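Taken in order, the sequence shown gives residues 1 to 490; the numbers are from the UniProt record's numbering. Just so it is clear, CB atoms sit at the ideal spot from N, CA and C, and this is done for glycine as well. Just so we're clear, the structure is a prediction, and the values are computed from it rather than from any experiment. The structure under discussion appears below in the form of structure tokens.
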Amino acid sequence: MTSTPLATRGLYIDGAWTEGQGTTAVPVLNPATEDVIAEVPEATPADVDAAVAAARRAFDDGPWPTMKPAERAKILGAMAEKLTRRRAELVELNIAEAGSTRMLADFLQVGTPIDHFVDMVERVLPQFPFQAPVPPVIGHGIGQGIVTREPYGVAALITAFNFPFLLNLAKLAPALAAGCTVVLKSSPYTPLEALVLGEVAEAAGLPPGTLNIVTGDVAAGERLTRHPGVDLVSFTGSDAVGRKVYAQGAESMKKVVLELGGKSANIILDDANLDAVLESVLAGIITHAGQGCALLTRILVHESLHDDLVARIVGTLGFISVGDPSDPATMMGPLIRDVQRRRVESLIASGVEDGAQIAFGGKRPAHLDRGFFLEPTLFVGVDNSMRIAQEEFFGPVGVVIPFRDDDDAVRIANDSRYGLGGGVWSADPQRAATVAHRLRTGMVVINGGGGGLNPAAPFGGYKNSGIGREFGEYGLSEYLQHKALQWPVK
Ligand code: NAD
């Protein structure tokens with residue numbers, strides 16, 4: 001396996017690169033080789049304070065929040081263009097630090113977020129209603145006015161390790177488009193793609209202090225989310241940490257947007273075409289080794305199709321090549337760290353203890369002695385009350401649960417503390433849509449949904465999957481305040 005050696009990089013604060021004030025470096029590992037590929041500074045509280053102060057100055061005194069949207073779009077367009085030029089380099093970084101397979105890195109991890117950024121600049125921003133008229137109430141003496149949408153302020157953006165570039169841009173693009181200034185903290189496992197954003201911002205002429213980037217983990221994140229100089233927090237990560245972030249932000253009444261975990265159901269009705277279903281079911285297990293919040297990991301299948309579907313999944317999982325993610329032939333790479341792999345293994349063990357059966361996998365691949373790999377795994381004999389049906393694995397594990405009829409499928413799907421995504425398969429799209437409307441989740445794909453992530457559709461969840469939405473105009477709205485101005489009717 002090859003790994004990309006990278007120089008040590010610093011923090012990006014107030015338009016300058018700095019090693020920070022601390023002495024601790026965070027090693028960045030390649031999860032497929034376990035090699036240290038870079039070191040970044042662990043931001044100290046003083047570093048975080050300096051980043052927030054820079055963002056505060058840039059918001060309160062700087063040109064960014066008061067620029068016209070078209071002026072902001074020019075600089076953001078230059079950033080998008082520079083990212084497009086560095087796409088190949090970003091793909092290599094993503095494979096090296098996140099362990100993505102080459103195809104996933106090129107498509108969903110790097111290609112899609114650049115496309116969404118371009119969409120934000122070219123479609124969303126020019127047509128967004130930053131001002132709307134308010135009519136008077138005739139006969140009650142209530143005047144007319146306008147509603148303006150103003151940038152929310154200083155935004156702290158905190159992200160997870162699994163899709164680092166996508167998650168960072170899903171926050172950064174709307175935050176900057178809105179006129180906010182930003183402190184970005186990526187996952188300590190995947191800081192390198194975030195630092196490229198600083199280089200690109202600098203080269204595109206983003207005013208100093210508008211984007212600041214700190215590296216670090218819990219301490220830096222906690223400092224940011226409690227900081228009185230921050231107005232809004234947008235967080236992507238686990239619901240356990242999301243709950244803490246919500247409480248930390250509440251102390252100073254910040255707006256908190258949360259994009260959290262999921263345990264999404266893929267519902268296969270009795271008239272579904274299993275040839276079409278199989279690819280989606282496999283994707284729910286093997287995509288990024290199961291490290292995706294919206295992956296469809298609970299496979300709910302009508303009892304009449306259960307045995308046929310299980311035989312097909314098991315028959316195909318044997319052909320999934322697991323190993324070096326930089327090899328274009330590899331279909332599944334590693335988990336991010338050993339601690340994550342052990343967490344998944346312990347949940348697999350709980351499934352066996354609870355009486356479910358492993359139909360495929362469940363172990364570490366025998367042919368790989370380095371890297372945090374695990375076999376793709378399928379459980380059958382699962383009851384929805386088991387831990388393996390209720391908890392997020394964040395590993396390559398699917399669970400199959402049979403159901404009797406559409407009502408039963410909806411009941412099982414909604415019997416979850418999460419509400420992020422879902423899928424429904426049927427030969428009758430109307431019937432599938434009826435089921436989809438009954439699911440308490442933020443997103444549902446019907447018969448495969450036509451492919452990738454639509455930049456014009458909102459991304460986010462119900463229940464413990466979060467609060468708020470990302471992408472397109474929905475994402476942009478999160479970073480804006482509404483101000484009502486009113487004057488007497490003449
Ligand atoms: P995590 O919750 O462990 O960490 C996320 C981020 O929070 C990291 O940057 C971390 O340094 C920071 N952090 C940790 N403690 C903090 C604290 N007390 N205050 C502030 N920040 C703190 O998540 P993870 O392991 O990196 O990612 C996996 C989770 O993310 C899964 O649950 C997954 O479903 C979820 N996720 C959700 C979405 C979505 O859009 N809904 C997308 C990707 C991942």
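Span separating the alpha-carbon of residue i from that of residue j
i           : j      : result
Ile138      : Leu485 : 17 Å
Met332      : Val154 : 39 Å
Asn384      : Pro65  : 49 Å
Ala38       : Pro27  : 6 Å
Arg87       : Lys363 : 35 Å
Val52       : Ile388 : 41 Å
Gly449      : Gly472 : 18 Å
residue 491 : Ala220 : Since the first and last residues shown for the chain are 1 and 490, residue 491 lies out of range.
Ala409      : Thr434 : 12 Å
Thr190      : Leu166 : 12 Å
Ala265      : Met103 : 25 Å
Leu125      : Glu470 : 15 Å
Gly237      : Ala160 : 5 Å
Arg57       : Val230 : 12 Å
Assigned secondary structure, residue i (DSSP; H/G/I helix, E/B strand, else coil)
i      : result
Met253 : coil
Met332 : strand
Thr287 : helix
Tyr12  : strand
Glu391 : coil
Gly229 : coil
Phe128 : coil
Ala7   : Reliability fails at Ala7, whose pLDDT of 49 lies under 50, so the model's placement of it is uncertain and the value that follows must be treated cautiously. It is coil, neither helix nor strand.
Identified DSSP bridge partners for residue i
i      : result
Met443 : Paired residue(s): none; Met443 is not in a bridge.
Leu157 : Leu184, Ser234
Pro151 : Leu480
Tyr418 : Lys463
Delimiting residues of the beta strand (DSSP E) encompassing residue i
i      : result
Glu39  : 36–41
His302 : 298–302
Own chain partners of residue i with C-beta closer than 6 Å, once the 5 adjacent residues on each side are dropped
i      : result
His306 : Pro402
Gly475 : Pro174
Gly216 : Glu42, Ala43
Ala132 : Val147
Asp14  : Ala54, Pro208, Gly209
Terminal residues of the alpha helix (DSSP H) in which residue i lies
i      : result
Ile142 : Taken as a continuous stretch (DSSP letters only), Ile142 belongs to no alpha helix (DSSP H), as it is neither H nor E.
Ser344 : Note on identity: in this sequence residue 344 is Val, with Ser being the wrong assignment. Unbroken alpha helix (DSSP H) run through Val344: 338–353.
Phe373 : Here Phe373 belongs to no alpha helix (DSSP H), and DSSP marks it neither H nor E.
Leu93  : 87–98
Pro45  : 45–60
Phe163 : It is not in any alpha helix (DSSP H) - Phe163 carries neither H nor E in the DSSP assignment.
Asn414 : 406–414
Leu317 : 306–317
Pro113 : 112–119
Close Cβ partners of residue i (< 8 Å) along its chain, the five nearest in sequence each way excluded
i           : result
Pro429      : Ile446, Asn447
residue 491 : Absent from the model: residue 491. The displayed extent of the chain is 1 to 490, so no value can be given.
Val444      : Gly421, Gly422, Gly423, Val424, Ala436
Distance cut-off 7 Å: residue i Cβ against heavy atoms of the ligand MG
i     : result
Gln21 : As far as ligands go, the structure on display features the ligand NAD and does not contain the ligand MG.
Proximal residues to residue i (C-beta, below 7 Å), its chain only, five neighbours per side dropped
i      : result
Met386 : Gly351, Asp354, Ala356
Gly145 : Val134, Ala484, Leu485, Gln486, Trp487
Glu251 : Arg226
Ala55  : Val154, Thr181, Val182, Val183, Gly209, Asn212
Ile142 : Pro136
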